[in-house]
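Heads up: take any position in the sequence shown, counting from 1, add 43, and you land on my numbering.
The structure appears right after this line, and notes come after that.
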Amino acid sequence: MFKIVHKQIIAQDIKRIDIAAPAMAAKILPGQFVMLTPMPQNHAMPLAVVDADDRKGVVSFIVHEIGPSSAAFGAMPIGRSVAGIVGPLGRPSAIDKYGLVICAATGIGAAQVL
Numbered sequence: 044m045f046k047i048v049h050k051q052i053i054a055q056d057i058k059r060i061d062i063a064a065p066a067m068a069a070k071i072l073p074g075q076f077v078m079l080t081p082m083p084q085n086h087a088m089p090l091a092v093v094d095a096d097d098r099k100g101v102v103s104f105i106v107h108e109i110g111p112s113s114a115a116f117g118a119m120p121i122g123r124s125v126a127g128i129v130g131p132l133g134r135p136s137a138i139d140k141y142g143l144v145i146c147a148a149t150g151i152g153a154a155q156v157l
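Right, here's the structure in full:
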């Protein structure tokens with residue numbers, strides 16, 4: 044299963060959560076996302092991947108606990124497995140070398156820019 048291996052509180056109701064997902068970590072590309080279901084009674088929610096470490100087999104997310112599913116995910120302890128995760132989904136971002144690049148984001152979306 045997909046176990047939570049690390050959690051970090053960033054701010055009130057905002058957490059970074061790392062999940063062990065070796066196959067996903069090896070395949071996911073910038074700009075892709077996953078659909079994650081924390082517990083069977085929760086709805087699946089789309090989450091942008093903040094980081095993927097294929098050597099450690101870990102995929103990282105920033106979660107803003109604003110609804111029932113995101114709050115349930117944020118409350119899960121280290122060592123607990125999520126009910127389901129599907130991905131990578133979406134079309135990866137095309138990254139070309141153009142020189143100086145400026146990225147703009149607001150709110151929680153700024154984490155993905157990194």
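Ideal Cβ placement from N, Cα and C applies to all residues, glycine included.
Q) Going by other Cβ atoms of all chains shown within 10 Å of its Cβ, with 16 needed for buried, is L132 buried or exposed? A) With fewer than 16 other Cβ atoms within 10 Å, it is exposed.
Q) Assuming L79 and L90 make a contact with CB atoms under 8 Å, what is their CB distance in whole Å? A) Right, their Cβ atoms sit about 5 Å apart.
Q. How would you write the range of the alpha helix (DSSP H) that G117 sits in, first residue to last?
A. 111 to 118
(Q) For H86, tell me which candidate among S103, A66, K70, S113 has the shortest Cα-Cα distance. (A) S113
Q: State the DSSP-derived secondary structure class of A66, mapped to helix, strand or coil.
A: helix
Q) Between which two residues does the beta strand (DSSP E) harbouring L72 extend? A) Premise fails: L72 is in no beta strand (DSSP E) and is neither H nor E.
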